[in-house]
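Trainee:
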Amino acid sequence: MRDFGDYGGRYVPETLIPALDELDRAWQEALADDAFHAELHHLATTYVGRPSPLTLSERFAPGKKIYLKREDLNHTGAHKINNAVGQAVLAQRLGKRRIVAETGAGQHGVATATVCARFGLECVVYMGVEDMRRQKPNVERMRLLGAEVRGVDFGTQTLKEATSEAIRDWITNVETTHYLIGSCVGPAPYPELVAELQSVIGRESREQFLAAADALPEAVVACVGGGSNAIGMFRGFVDDVAVRLVGVEAAGAASLGSGRIGVLHGARSSILADDDGQVADAHSISAGLDYPGVGPEHAFLRDTGRAEYRTATDEEALQAFADLARTEGIIPALEPAHALARARDLDADLILVALSGRGDKDLAEVLDRLKTA
Amino acid sequence: MRKKLVIYLMAEPETPDLARAAVDGGADIIELGFPFSDPLADGPVIRRAGERALARGMRTAQCLDVLARTRELVGDDIPLIPMTYASLFEAYGWDRLTEAMHANGGTSMIVVDVPAGERADLRRVQLIAPTSTDERIALAGEQTDGWLYLVTVTGTTGARDDVSPELAGLVERARRLVNRPLYAGFGISTPDHARAAGSLADGIAVGSRAVLVAESGPAALRDYVASLRAALD
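Below you can see the structure in the form of structure tokens.
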């Protein structure tokens, strides 16, 4: 699939079009190849740690049954590894030995550096210097794993500029390089490709939920920055029309909630922009949600009404972060803490939440905020 | 036939005078950049120029005004080509911005992140790159408005030490597939580059270095453009 309604497309310079065509062909061939699926399954079970468990939280939201899909227990601590492993296998099918990636919170950068180490690929990760400050341990992890981390010191100095620089690198080195994009954004076929690689979250969750609760959830809740963990989760339930799909954006980065149609990083989607189409700054305590764009499929699901999108503030996310730690013994990443914040006041009792990553990376930022609060 | 010289300038309040100076120095065509916050095809010089223009309030309406004033200063015979990104069209309306550009003296347009085959109804100068397949070169040649823009390098805008070794092959393929004037741009900054690229293509486009020289004012830009003109002739 190339477009999602009027969203998606390939809004990139001509230089990249042949590479996108090549990627699309390789992806279609891989999908039709049993050996590709077998390799992904082998890596998922022996390297990533899949299937990730489903945990019933009983104390976090009294009166509700909230099941947590534990993507935080994956190798490298987040759902990002699902996509990174898949694309690394694909890059090798393409004969590309150099990988570039962007990262915000650093989870995708760490996942990419990890798979590059595993497969012996050269790895360059672009990261805004503001995010390098906020997510220092992940910078150190990437370097330890053998990746080169290039700081991006202009513009917002966050994920938006890191993504632009990664794409510029790809334009310059496209013959040798695969761009391992971290979310369901970018030019086609990336949004579809990333969604498919993340759809393992939804497939496993549906099966596990039915086994545990003997029913489907009333609502499925996931945080949305670019939207890859949410789209991976939603794909497991999109055909179950009685199941509500709820995406939660950061209040200061609500590309779906307060955005407009625009073009960013190669796709037409809902973005934060001014009346002239100039992309606006996003603001969130969570570096992974601090992005003014969103995957085109989410814009489509919003418009069709199949999914609903809400927001959570920094404060609500911090509160959910602290509460989950105290009540369940699980320290979530700040990104899924947004989903937890909305899940607990949702008008539903049987809920599935995508716990997309663990919170170790956020400790310094959170402790700092809790101290000054 | 005289080789064409295309000069890119970022739209700012001073740009009409700069464009006039470029024409006085021997430019045949002016590209007028409408700045965008996230210019994927641009290297550091034009990216920074765009940031500066945006910080000075150069939004679409102001750029259209600069376009109209530039048209007054350069007369009717010089093509003035707005060059920008899709997001500006999306916000203003594709048809509405196209009409406004024409009404303000624009000649065709270049939309860097809308490659050939997309929005076929939008008449514009198409770009091809060293990575383009023969099929895409033919498509761009079919759809382009007037001349075809040859991106000489696999990369973003900005000065390079030498003219790209990829240019000769790209020109050779484009000549075989397209019956249009071919102007080469990206990475061309010195009179030597102009001479080398001009010996292959029908014209050249200079962006980043022109934007840098323009910071020193119209006289400096006129002299710089004249040096390129002399090398081309």
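One line per chain: the protein sequences are A and B, in this order.
Under our numbering, the first sequence has 4 at position 4, and the numbering climbs by one with no breaks.
Going from the second sequence to our numbering is simple: count from 1 and add 1000.
From the three backbone atoms N, C-alpha and C, an ideal C-beta is built for every residue, glycine too.
1. Mind checking whether Leu256/A and Ala307/A have CB atoms under 7 Å apart?
2. Are the C-beta of Gln92/A and some C-beta of chain B separated by less than 7 Å?
3. Which stretch, first to last residue, makes up the alpha helix (DSSP H) that contains Leu301/A?
4. Mapping the DSSP letters down to three states, classify Pro1235/B as helix, strand or coil.
5. Residues of chain B with a CB under 9 Å from the CB of Ala273/A: which are they?
6. Assign Gly77/A to one of two classes, buried (16 or more other C-beta atoms within 10 Å of its C-beta) or exposed (fewer than that).
7. Can you tell me whether Met1001/B is buried or exposed? The criterion is at least 16 other CB atoms within 10 Å of its CB, across all chains shown.
8. Could you check whether the Cβ of Gln278/A sits closer than 7 Å to any Cβ belonging to chain B?
9. What are the start and end residues of each continuous alpha helix (DSSP H) run of 4 or more residues lying completely inside the stretch 1047 to 1083 of chain B, in chain order?
10. How should Gln1126/B be labelled, buried or exposed, when 16 other C-beta atoms within 10 angstroms of its C-beta is the threshold for buried?
11. Mind checking Glu398/A: buried by the 16 CB within 10 Å criterion, or exposed?
12. Give the C-beta separation of Val48/A and Ile81/A to the nearest angstrom, bearing in mind that I take them to be a contact with Cβ-Cβ under 8 Å.
13. What residues in the stretch 44 to 58 of chain A have a beta carbon less than 7 Å from any beta carbon of chain B?
14. So what's Asp290/A in DSSP terms, helix, strand or just coil?
15. Less than 8 Å between the CB atoms is what I'm expecting for Val1112/B and Met1083/B, so what's the real figure, rounded?
16. Can you give me the C-alpha to C-alpha distance between Arg326/A and Glu249/A, rounded to a whole angstrom?
17. Leaving aside the five residues before and after Ala317/A along the sequence, list all residues of the same chain whose C-beta is less than 7 Å from its C-beta, in chain order.
18. Mind checking whether Tyr291/A and Leu145/A have CB atoms under 7 Å apart?
19. Secondary structure at Tyr1085/B, three-state DSSP: helix, strand or coil?
20. Helix, strand or coil: which one does DSSP assign to Lys136/A?
21. Could you say which of Ala30/A, Gly357/A, Trp27/A, Leu54/A lies nearest to Arg203/A if we only look at CA atoms?
22. Which residue wins for smallest C-alpha separation from Gly86/A, given the options Ile66/A, His42/A, Arg59/A, Thr172/A?
23. Run down chain A in chain order and give the residues with a C-beta less than 8 Å from the C-beta of Asp1113/B.
24. Mind reading off the beta-carbon distance from Lys371/A to Pro137/A? Whole number of angstroms is fine, and I expect it under 8 Å.
25. Counting only beta-carbon atoms, is Arg1056/B nearer than 7 Å to chain A?
26. Consider the Cβ of Arg1059/B: report whether some Cβ of chain A lies at a distance smaller than 7 Å.
27. Return the first residue and the last residue of the alpha helix (DSSP H) that Leu145/A is part of.
28. Spatial neighbours of Ala1086/B within its chain, please: C-beta separation below 7 Å, excluding the five flanking residues on both sides.
29. Exposed or buried, which one is His178/A when buried takes at least 16 other CB atoms within 10 Å?
30. Could you spell out where the alpha helix (DSSP H) holding Ile231/A opens and where it closes?
31. Which term fits Ala1231/B, buried or exposed, when burial requires 16 or more other beta carbons within 10 angstroms of its beta carbon?
32. Report all residues from its chain with a CB closer than 7 Å to the CB of Ala35/A; omit the five preceding and five following residues, and keep chain order.
33. Enumerate in chain order the residues of its own chain whose CB-to-CB distance from Thr1152/B is below 8 Å, with the five nearest sequence positions on each side excluded.
34. For Ala19/A, which residues in chain B fall below 9 Å Cβ to Cβ?
35. Check for me: the beta strand (DSSP E) holding Lys65/A runs from which residue to which?
36. In this structure, does DSSP put Pro1191/B in helix, strand or coil?
Mentor: Judging by the given coordinates:
1. Numbered from its first residue, the first sequence carries residue 256/A at position 256. Numbered from its first residue, the first sequence carries residue 307/A at position 307. Not in contact: Leu256/A and Ala307/A (Cβ atoms no closer than 7 Å).
2. As a first step, residue 92/A must be located in the first sequence, where it is residue number 92. Chain B, which has no Cβ nearer than 7 Å to the Cβ of Gln92/A, makes this no.
3. What you label residue 301/A is simply residue 301 of the first sequence in a count that begins at 1. Residues 296 to 304.
4. What is shown of chain B runs 1001 to 1233, which leaves residue 1235/B out entirely.
5. The sequence position of residue 273/A within the first sequence is 273, counting from 1. Result: Ser1037, Ser1087, Glu1090, Ala1091.
6. Numbered from its first residue, the first sequence carries residue 77/A at position 77. Residue burial annotation: Gly77/A is buried, with at least 16 other C-beta atoms found within 10 angstroms of its C-beta.
7. Working through the second sequence from its first residue, we reach residue 1001/B at position 1. So Met1001/B ends up on the exposed side.
8. Translated into the one-based positions of the first sequence, residue 278/A becomes position 278. Taking Cβ atoms only, chain B reaches closer than 7 Å to Gln278/A, which makes this a yes.
9. Those alpha helix (DSSP H) runs which fall completely within the stretch 1047 to 1083 of chain B and span 4+ residues are 1060 to 1074.
10. As a position in the second sequence, residue 1126/B is number 126, starting the count at 1. When all chains shown are included, Gln1126/B counts as buried.
11. Look at the range of chain A in this structure, 1 to 373, and you will see that residue 398/A is not part of it.
12. Start at 1 with the first residue of the first sequence, and residue 48/A comes out as number 48. Start at 1 with the first residue of the first sequence, and residue 81/A comes out as number 81. Between Ile81/A and Val48/A the Cβ distance is about 5 Å, and since that is below 8 Å, they are a contact.
13. none
14. Mapped onto the first sequence, residue 290/A falls at position 290. If DSSP states are grouped into helix, strand and coil, Asp290/A belongs with coil.
15. Residue 1112/B sits at position 112 when you count from the first residue of the second sequence. Residue 1083/B sits at position 83 when you count from the first residue of the second sequence. Going by Cβ atoms, the distance from Val1112/B to Met1083/B rounds to 7 Å, so yes, they are a contact pair.
16. The residue you call residue 326/A lines up with position 326 of the first sequence. The residue you call residue 249/A lines up with position 249 of the first sequence. Cα to Cα, Arg326/A sits roughly 24 Å from Glu249/A.
17. Numbered from its first residue, the first sequence carries residue 317/A at position 317. Answer for Ala317/A: Ile285, Ser286, Leu334, Ala337, His338, Ala341, listed in chain order.
18. Within the first sequence, numbered from 1, the residue matching residue 291/A stands at position 291. Within the first sequence, numbered from 1, the residue matching residue 145/A stands at position 145. Against a cut-off of 7 Å, the Cβ pair of Leu145/A and Tyr291/A comes out as no contact.
19. Translated into positions along the second sequence, residue 1085/B becomes position 85. In this structure, Tyr1085/B counts as coil in the three-state DSSP scheme.
20. By one-based count along the first sequence, residue 136/A stands at place 136. Helix.
21. Position 203 of the first sequence, counting from 1, holds the residue named residue 203/A. The residue with the shortest Cα to Cα distance from Arg203/A is Leu54/A.
22. Taking the first residue of the first sequence as position 1, residue 86/A is located at position 86. Nearest C-alpha to Gly86/A: His42/A.
23. Your numbering for residue 1113/B matches position 113 in the second sequence. Those within 8 Å of Asp1113/B in chain A are Tyr11, Val12, Pro13, Val263, Gly266.
24. Residue 371/A sits at position 371 when you count from the first residue of the first sequence. Residue 137/A sits at position 137 when you count from the first residue of the first sequence. Not confirmed; about 19 Å, so no contact.
25. By 1-based counting over the second sequence, the position of residue 1056/B is 56. Closer than 7 Å: no.
26. On the second sequence, residue 1059/B is found 59 positions in, with the first residue counted as 1. By this cut-off, Arg1059/B is an interface position.
27. Translated into the one-based positions of the first sequence, residue 145/A becomes position 145. If you look at Leu145/A, you'll find it isn't in any alpha helix (DSSP H); DSSP assigns it neither H nor E.
28. As a position in the second sequence, residue 1086/B is number 86, starting the count at 1. Only Val1111, Asp1113, Val1114 meet the Cβ criterion.
29. The residue given as residue 178/A occupies position 178 in the first sequence. When all chains shown are included, His178/A counts as buried.
30. Taking the first sequence and counting its residues from 1, the one referred to as residue 231/A is at position 231. Here the alpha helix (DSSP H) through Ile231/A covers 228 to 234.
31. Mapped onto the second sequence, residue 1231/B falls at position 231. Buried, by the Cβ-count rule.
32. The residue labelled residue 35/A in the question sits at position 35 within the first sequence. So the list is empty, once near-sequence residues are dropped.
33. As a position in the second sequence, residue 1152/B is number 152, starting the count at 1. So the list reads Pro1130, Val1163, Ser1164, Glu1166, Leu1167, Leu1170, Ala1184, Gly1185, Phe1186, Gly1187, Ile1188, Ala1197, once near-sequence residues are dropped.
34. Position 19 of the first sequence, counted from the first residue, corresponds to residue 19/A. Neighbours of Ala19/A in chain B, taken as residues whose beta carbon is under 9 Å from its own, are Thr1131 in chain order.
35. Residue numbering aside, residue 65/A sits at position 65 when the first sequence is read from its first letter. Unbroken beta strand (DSSP E) run through Lys65/A: 65 to 70.
36. In the second sequence, counting from the first residue as 1, residue 1191/B sits at position 191. Note: Pro1191/B maps to helix in three-state DSSP.
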